[in-house]
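Asks: Here it is: the structure, laid out below.
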Amino acid sequence: MNDLINEVLTSMKSNRQRIMLTGFAIAWGMFSLVVMLGSAGGIQKGMYRSSSLDMTQYTTITTGKTSVAWNGMGTDRLVKLTIDDAEALERQRFDHVDDVFPVFSQPTKVSTVNDYLSTSLTGCTPGYIVSQYNKIIRGRDINDTDLQQRRKVCVLTDRICQELFGEGNPVGRRLNFDGNSLLVVGECESLHEYSIVGAYAPISTVMAMYSPDDPALGMIQVTYSGIEELGELQRLTSSLRDFLSPRLMCSPKDNKALVIRNDFETVIGLSKILTYMGFFVWIIGIATLIAGVVGVSNIMLITVRERTRELGVRRAMGASRGSIIRLVLLESVIITAIFGYIGMMLGIGLTQLLSATLGGTIPYFTDPTVSFSTIIGCNIIMILAGIAAGYVPARRASNCKIVDALIAR
42 MNDLINEVLT SMKSNRQRIM LTGFAIAWGM FSLVVMLGSA GGIQKGMYRS
92 SSLDMTQYTT ITTGKTSVAW NGMGTDRLVK LTIDDAEALE RQRFDHVDDV
142 FPVFSQPTKV STVNDYLSTS LTGCTPGYIV SQYNKIIRGR DINDTDLQQR
192 RKVCVLTDRI CQELFGEGNP VGRRLNFDGN SLLVVGECES LHEYSIVGAY
242 APISTVMAMY SPDDPALGMI QVTYSGIEEL GELQRLTSSL RDFLSPRLMC
292 SPKDNKALVI RNDFETVIGL SKILTYMGFF VWIIGIATLI AGVVGVSNIM
342 LITVRERTRE LGVRRAMGAS RGSIIRLVLL ESVIITAIFG YIGMMLGIGL
392 TQLLSATLGG TIPYFTDPTV SFSTIIGCNI IMILAGIAAG YVPARRASNC
442 KIVDALIAR
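The sequence shown stops at residue 450 when you use our numbering, and every number in between is there.
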């Protein structure tokens with residue numbers, strides 16, 4: 042095997058200029074493929090992050106005024122959701138539904154001794170903060186005891202903490218929300234790029250503060266999983282509507298009295314676009330690489346023609362067709378691999394540089410680097426490209442008649 046490799050390298054040295062020019066085409070093709078894959082991946086990651094495609098999927102239920110008469114009751118009646126409705130939904134255990142969260146939000150002014158700002162206070166139940174793509178980074182989340190005892194506690198977003206306390210730890214401090222003193226028990230960081238400045242507190246506490254005589258919720262949020270087709274989500278939406286409409290005394294066909302919204306259709310459409318974009322980038326990159334493969338194939342054809350007499354002597358001395366094919370294919374694979382790796386490493390280096398330089402400064406463009414599986418795929422493509430480039434010349438060399446080869450000039 043060593044003799045075979047040394048022979049291939051000797052042959053390559055005698056055709057340095059042609060191999061360098063053709064190798065540049067291979068390197069450029071692989072470089073372009075890696076950079077395009079990295080850039081497309083950065084766009085895909087940015088779109089997923091900015092458009093919340095990787096967030097927990099949820100359906101938002103709100104209410105309005107009736108527009109359809111129902112059971113003898115007229116239109117223009119105000120329909121309201123309550124915590125009892127949310128608890129009834131949770132007890133029903135619908136297919137695909139993970140959690141049901143009643144939500145009550147209130148615009149408010151929050152202040153410390155030295156500063157104040159306008160924000161929103163969201164009353165919620167345990168688990169809601171995390172479901173909104175937040176991570177608790179200090180202190181704790183709201184718990185069941187807070188809810189049951191109507192404790193005056195809150196969890197702040199990192200942005201509101203920065204504005205009120207700078208780099209200081211907010212846990213254990215008290216804030217004034219429209220005259221109500223709440224103890225800060227936690228700080229959460231939004232994993233979503235476009236986070237909202239605000240605070241969270243037990244829904245029982247917030248409703249007692251701002252709506253003690255009116256049990257109406259702002260909305261109910263239902264998180265779900267395992268749904269991959271739009272038809273499945275439509276069936277779930279119909280089930281929710283059929284269940285809630287009688288409780289709210291409105292028609293199941295009244296889309297203004299009971300409003301159920303979700304972003305699943307948008308998610309499906311955008312995900313398909315991103316998938317097609319990935320396929321398109323692979324096609325363009327491989328097409329660029331094919332140009333280099335054609336160049337290597339031409340070089341190998343010229344090499345085979347120049348070595349016709351040598352190959353004839355080999356055949357006359359008993360060399361098999363398989364050994365001739367291996368000789369030509371190995372030279373083709375080595376040329377492709379050497380320059381392909383050069384192009385691939387330069388492409389990886391550029392994507393790493395872009396990631397380190399740009400970071401998350403460009404909207405919809407995040408971490409434009411290639412994954413390990415992509416690198417493995419590029420290696421496989423390089424080997425296949427080398428075999429493809431050398432196959433035709435190798436077959437021609439193996440089919441050369443011994444007599445014709447010996448009398449060739």
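Ideal Cβ placement from N, Cα and C applies to all residues, glycine included.
As the structure is a computational prediction, the values presented were derived from the model and not from experiment.
Per DSSP, what kind of secondary structure is I219 in: helix, strand or coil?
Replies: A small fix is needed here, since residue 219 is Asp in this sequence, not Ile. Three-state DSSP puts D219 in coil, outside helix and strand.
Asks: Would you mind giving the Cβ-Cβ distance between L108 and F142, rounded to the nearest angstrom? I have them listed as a contact below 8 Å.
Replies: A small correction: the amino acid at residue 108 is Ser; Leu does not occupy that position in the sequence shown. That pair is no contact at about 27 Å.
Asks: Is it buried or exposed, Q17, if we count other Cβ atoms within 10 angstroms and call 16 or more buried?
Replies: Residue 17 falls outside the range modelled here, since the chain spans only 42 to 450, and no answer is possible.
Asks: If we count Cβ pairs, one from each stretch, closer than 8 Å, do we get three or more for the stretch 176-185 versus the stretch 209-223?
Replies: Segments in contact, yes.
Asks: Exposed or buried, which one is N112 when buried takes at least 16 other CB atoms within 10 Å?
Replies: By the 10 Å Cβ count, N112 comes out exposed.
Asks: Nearest by alpha-carbon distance to M71: which of G431, P434, N221 and I325 is it?
Replies: Out of G431, P434, N221 and I325, I325 has the C-alpha closest to the C-alpha of M71.
Asks: What does a CB cutoff of less than 6 Å around G388 pick up in its chain, not counting 5 residues either side in sequence?
Replies: Answer for G388: F72, V75 and V76, listed in chain order.
Asks: Please go through the same chain and pick out, in chain order, the residues whose beta-carbon is closer than 8 Å to the beta-carbon of G168, but skip the five residues on each side of it.
Replies: Here the set comprises D140, F142 and D182.
Asks: According to DSSP, what are the bridge partners of C165?
Replies: Per DSSP, P243.
Asks: If we ignore side chains and look at the alpha-carbon of each, how far apart do A110 and T278 end up?
Replies: One C-alpha to the other measures close to 21 Å.
Asks: Can the beta-carbon of C195 be found closer than 7 Å to that of E228?
Replies: It is not a contact, given that the beta carbons lie outside the stated cut-off.
Asks: For the stretch 118-131 and the stretch 287-303, state whether three or more C-beta atom pairs, one from each stretch, are separated by less than 8 Å.
Replies: A contact exists between the stretch 118-131 and the stretch 287-303.
Asks: Quick check on DSSP: helix, strand or coil for S159?
Replies: In this structure, S159 counts as strand in the three-state DSSP scheme.
Asks: Which of the three DSSP states is assigned to L23 in this structure?
Replies: In the structure displayed, the chain extends from 42 to 450; residue 23 sits before or after that span and is not available.
Asks: Should M114 go down as buried or exposed, given a rule of 16 or more other Cβ atoms within 10 Å for buried?
Replies: Per the 10 Å Cβ criterion, exposed.
Asks: Checking 7 Å against the spacing of the C-beta atoms, do A435 and I366 come in under that value?
Replies: Contact: yes.
Asks: To which residues of the same chain is P243 closer than 8 Å at the C-beta, ignoring the five residues directly before and after it?
Replies: Hits under 8 Å: G164, C165, T166, I183, D187, L188, R191, R192 and V194.
Asks: Can you tell me the Cβ-Cβ gap for T153 and L224, rounded? I've got them flagged as a contact below 8 Å.
Replies: Between L224 and T153 the Cβ distance is about 13 Å, and since that is not below 8 Å, they are no contact.
Asks: Is the separation between the beta-carbon of K297 and that of G105 shorter than 7 Å?
Replies: Yes, the pair counts as a contact, with Cβ atoms nearer than the cut-off.
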